[in-house]
Amino acid sequence: MEGYPLGKTGYFNAQMRSGQMARSELMGLGGYLVLTKQEFSEVTMIDYETQIPNNVSLRDDRRLQRALESWHPRFLNWWNELGPEGFSESEVYLRTAVSIDPGGWAHFDYVKMLEYRWGIFLAAPDPDRKISFGEDKGLPVWNQVPGEHRATLRRLIVTQGDTEPASVEQQRLLGKSAPSLYDLRNLFQVNVEEGRHLWAMVYLLHAYFGRDGRNEAEMMLERHSGHPDRPRILGAFNEM
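Numbering (numbering that gives the first Met the number 0), first residue to last: 0 to 239.
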């Protein structure tokens, strides 16, 4: 898919001409892959004035914004219950994104992990990107998702998204045995990055897969690593 490295998997195309078209990075619903200077600035800079920091013009799509704002407290409850244990009141020196250019990822500050500003941060599209593997290797990346691959793509997003909170759950006690403060800080940085990757997957599910996507996003917080009745999708993330 065009231009958007999200978390650990996938590339997704973005149309940033308006809030509605900002949702086209997966489906490519009309528009072109040409950004004006202003539009490039909009996708590069992150809006921290909203409850959910983002660079996808979320405030222009009220329905999607409300859906994600409804999911947000559930995510925080999950983090509070199954995130790093014993450090909820500790201020940690963490990297936070302020823009998607290389310098924007280098902002550090002290913050309590539960107050970390997770959000939706997508990279600017690359109109010259080619498919790098498979039967279509070397061809231009898709601007639209072929209908015959929709179910498979959703499953890939769900499976990838499920690994992010699963990783945090598996590591929740590691902080108590960290050999140094350096290792402890790095562990917590990994944890909050896993949360950011989860937000990327949840955004795609909410924006492009309707009720099924919303249900899948809810289930990511219902499944737990090693749970006897609601385990994580991949077996490796159920080993505690």
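Glycine included, every Cβ here is placed at the ideal spot set by N, Cα and C.
Quick caveat, the model's predicted, so the values are computed rather than measured.
Here's the rule I'm using: 16 or more other beta-carbon atoms within 10 Å means buried, otherwise exposed. How should R162 be labelled?
According to the sequence provided, residue 162 is Thr. The question's Arg does not apply to it. It counts as buried.
In terms of DSSP beta bridges, what is E90 paired with?
-> Per DSSP, the beta bridge partners of E90 are K111.
If you draw a straight line from the alpha carbon of F236 to that of D228, how long is it in whole angstroms?
-> If you take the alpha carbons of F236 and D228, they lie about 14 Å apart.
Note to self: From the DSSP secondary-structure annotation, give me the bridge partner or partners of I119.
What the structure shows: N53.
Assuming I99 and A122 form a contact by the criterion Cβ under 8 Å, report the distance between their Cβ atoms to the nearest whole angstrom.
-> Going by Cβ atoms, the distance from I99 to A122 rounds to 5 Å, so yes, they are a contact pair.
**Prompt:** In this structure, does DSSP put H148 in helix, strand or coil?
**Reply:** Three-state result, H148: helix.
Worksheet item: Would D295 be called buried (16 or more neighbouring beta carbons within 10 Å of its own) or exposed?
Response: Residue 295 lies beyond the stretch modelled for the chain, which goes from 0 to 239, so this question has no answer here.
So the alpha helix (DSSP H) Q64 belongs to, where does it begin and stop? Per DSSP, Q64 belongs to the alpha helix (DSSP H) from 61 to 81.
- Task: Out of R184, S89, P126, state which residue places its alpha-carbon closest to the alpha-carbon of E114.
- Result: When each option's Cα is compared against that of E114, the closest is S89.
* To do: Indicate whether the contact test is met: 3 or more Cβ pairs, each with one atom in the region 181 to 193 and one in the region 219 to 227, closer than 8 Å.
  => Too few Cβ pairs lie closer than 8 Å, so no.
query: Can you tell me the Cα-Cα spacing of G27 and P124, whole angstroms?
result: Residue placement at G27 cannot be trusted, given a pLDDT of 34 that sits under 50; what the coordinates show is reported in the next sentence. Distance between the alpha carbons of G27 and P124: 12 Å.
**Request:** Return yes when the Cβ of G194 is within less than 8 Å of the Cβ of G85, no when it is not.
**Result:** Here G85 is not near G194, since their CB atoms are 8 Å or more apart.
According to the neighbour-count rule (16 or more other Cβ atoms, all chains shown, within 10 Å of its Cβ), is N76 buried or exposed? A residue is called buried once 16 or more other Cβ atoms fall within 10 Å of its Cβ, and N76, having fewer, is exposed.
Under a Cβ-count criterion, where at least 16 other Cβ atoms within 10 Å of its own Cβ denotes burial, should L57 be classed as buried or exposed? The Cβ neighbour count for L57, taken over all protein chains shown within 10 Å, is at least 16; the residue is labelled buried.
Return the CA-CA distance between S176 and D108, expressed in angstroms with no decimal places.
-> So the alpha carbons of these two residues sit roughly 24 Å apart.
Point to revise | Chain-order list of residues whose beta-carbon lies under 6 Å from that of E215 (same chain, five-residue window excluded) | key: V157, L204, listed in sequence order.
Original post:
Where does E168 land, buried or exposed, given buried means 16+ other C-beta within 10 angstroms?
Top reply: When all chains shown are included, E168 counts as buried.
Problem - As assigned by DSSP and simplified to three states, the class of P164 - result: Helix at P164.
Quiz item: If you count every other CB in all the chains shown that lies within 10 Å of the CB of M239, and 16 or more means buried, which is it?
Solution: In this structure M239 is exposed. Its beta-carbon is surrounded by fewer than 16 other beta-carbon atoms within 10 angstroms.
For P139, the residue or residues it bridges with in DSSP: DSSP output for P139 lists K129 as bridge partner(s).
- [ ] Measure the alpha-carbon distance for G133 versus D59 and round it to whole angstroms.
- [x] Each residue's Cα considered, the two are about 36 Å apart.
*Look up H250 in the DSSP assignment and give the residues it is bridged to.*
The shown model of the chain, from 0 to 239, leaves out residue 250, and the question about it has no answer.
* Asked: Count the other CB atoms within 10 Å of the CB of S166; is the residue buried (16 or more) or exposed (fewer)?
  -> Counting Cβ neighbours within 10 Å, S166 comes out buried, since at least 16 surround it.
May I ask which residues mark the beginning and end of the alpha helix (DSSP H) holding F187?
Looking at the DSSP string, the run of the alpha helix (DSSP H) that includes F187 is 180 to 207.
- 6 Å CB neighbourhood of R153 in its chain, flanking five on each side removed: Setting aside the 5 residues that flank it on each side, R153 is surrounded in the same chain by F208, each with a C-beta closer than 6 Å to its C-beta; the list follows chain order.
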